[in-house]
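Quick note, in the working numbering, the sequence shown goes up one by one and the last residue is 451. Contents: one structure, followed by commentary.
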Amino acid sequence: MATRHNYRDPFADSQGTSQASSIYEGREFHNRRASDSISLTPSQRSEYEEQPRPSKRKFQSYRLKGEYEQPWTSDKRLKRWRYNNVIVWGFVAVGLLLSAYICWTQVQKVLHENSHGYCLLVNDEFKSIDPSTWSHEVQINGFGTGSFDWTTTDPKNSFVDTEGLHIVPTLTNETTGITSAQINNGYNLNLTKAGGDGTCTGTDNYACSVASNSTLGTTIPPVRSARLTTKGKKSIKYGKIEVTAKFPKGDWLWPAIWMMPERDTYGIWPRSGEIDIAEARGNSVDYVEGGRDVFASTLHWGPTTDTDAYWRTT
């Protein structure tokens with residue numbers, strides 16, 4: 138049996154000792170197992186049953202007594218601050234709604250693109266190089282970008298396999314009879330129709346012939362590559378173009394997908410414009426001006442090459 142202790146309740150009256158003892162005894166009674174027994178006198182039982190349970194005291198702070206002022210609730214600056222918040226969050230909500238609407242309308246345009254009446258002009262999966270669609274441009278003038286490749290019809294530079302079309306650069310001294318010494322001096326490359334092999338598609342001698350001279354600093358292009366065009370065979374004025382391509386990696390590589398004018402209506406480049414769908418460098422990603430992790434789309438326009446304003450529309 139548990140030991141019974143008598144103590145005085147500091148919040149009770151002078152009978153606190155006997156009350157505390159009876160309360161404790163009553164708790165003992167409830168904690169006993171059903172098989173245990175306890176004998177209480179009638180006076181003890183009555184005293185236990187009549188004793189009210191002490192209620193929990195409600196916490197009340199004594200640091201603030203009575204009513205106290207809250208001046209900030211009547212400060213006009215607080216109201217202005219609330220109004221400002223309403224205005225700011227209102228504009229945020231309007232911006233989100235407008236963004237959602239714009240996104241939704243653009244998605245609907247894509248989903249219902251066939252309703253615009255597009256007509257398929259070209260669909261080339263490159264099972265072969267279709268001569269009714271494509272032709273090779275053969276030039277050595279750098280195409281206005283300073284590139285030092287000689288574009289050819291050589292199947293080493295452009296071919297088709299099960300993976301599609303491949304455009305591959307090769308070294309001139311490895312794929313022709315031109316030696317490394319001749320690239321720098323003493324060799325005359327003539328692709329013109331008058332006196333040359335007639336493969337050039339350019340319109341001037343600068344694009345079709347060159348003589349290497351170490352004194353003058355002229356060289357034979359040390360790299361051969363390919364450039365394919367639909368000019369004169371397939372063209373588009375309005376519409377859309379979809380291209381799936383994999384760009385190569387390697388220093389000095391500059392793959393590009395361009396749209397050039399069918400006719401120089403307003404004059405030579407860049408007067409008649411140019412749309413660059415995509416172009417990139419093959420350099421590594423740490424290249425200062427952007428490597429193969431960056432590609433650009435550009436519009437070329439302007440009266441002269443010096444005033445080409447492509448930087449405004451890149």
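Ideal placement from N, C-alpha and C gives every residue a C-beta, glycine not left out. Since this is a predicted model, take the numbers as computed values, not measurements.
With respect to the 8 Å criterion, residue 339 and residue 386 are not classified as neighbours on the basis of their beta carbons. Along the length of the stretch 381-421, whole beta strand (DSSP E) runs at least 3 residues long occupy 393-396, 411-417, reported in chain order. In the structure shown, residue 287 falls within a strand segment according to DSSP collapsed to helix, strand and coil. Listed in chain order, the non-local C-beta contacts of residue 249 below 6 Å within the same chain number zero, local neighbours out to five positions each way being set aside. Note on geometry: alpha-carbon atoms of residue 303 and residue 264 lie some 11 Å from one another.
If you look at residue 228, you'll find it isn't in any beta strand (DSSP E); it sits in the alpha helix (DSSP H) that goes 213-248.
Per DSSP, residue 350 is not a residue of any beta strand (DSSP E), being assigned neither H nor E. For the options 364, 376, 194, the alpha carbon positioned closest to that of residue 273 is the one of 364. If one requires a minimum length of 3 residues, the beta strand (DSSP E) runs lying completely within the stretch 353-379 are 360-362, in chain order.
Burial check for residue 287: the Cβ neighbour count within 10 Å reaches 16 or more, so the residue is buried. DSSP places residue 263 outside both helix and strand once states are collapsed to three, so it counts as coil. Within the same chain, 310 come within 7 Å of residue 316 by CB-CB distance, once the 5 residues on both sides are set aside. By the CB criterion at 8 Å, residue 349 and residue 322 fall inside the cutoff. By the 16-neighbour rule on beta-carbons within 10 angstroms, residue 400 is exposed.
By the CB criterion at 8 Å, residue 416 and residue 392 fall inside the cutoff. Ranked by Cα distance from residue 373, the first of 234, 211, 259 is 259.
In the structure shown, the three-state DSSP call for residue 433 is strand.
Looking from the CA of residue 375, the closest CA among 257, 269, 431, 342 belongs to 257.
Buried is the label assigned to residue 320, since at least 16 other Cβ atoms lie within 10 Å of its Cβ.
Where residue 269 is concerned, there is no enclosing beta strand (DSSP E), because DSSP gives it neither an H nor an E. Taking the Cα positions, residue 335 is about 58 Å away from residue 237. The secondary-structure analysis by DSSP pairs residue 304 across a beta bridge with 295. When the beta-carbon positions are compared, residue 439 and residue 446 come within less than 8 Å of each other. For residue 215, same chain residues with a beta-carbon under 8 Å away, outside a window of 5 residues either side, are 209 in chain order.
With respect to the 8 Å criterion, residue 344 and residue 278 are classified as neighbours on the basis of their beta carbons.
Partner residues in the beta bridge of residue 325, as assigned by DSSP, are 348. For the 8 Å CB-CB criterion, residue 444 and residue 361 do not form a contact. Residue 424 and residue 431 have their C-alpha atoms spaced approximately 10 Å apart.
Residue state for residue 442 is assigned as coil, using DSSP reduced to three classes. When secondary structure is reduced to three states using DSSP, residue 449 falls in the helix class. Relative to the Cα of residue 450, the nearest Cα in the group 413, 390, 421, 422 belongs to 413.
With respect to residue 380, residue 357 sits apart: the two C-beta atoms are not nearer than 8 Å.
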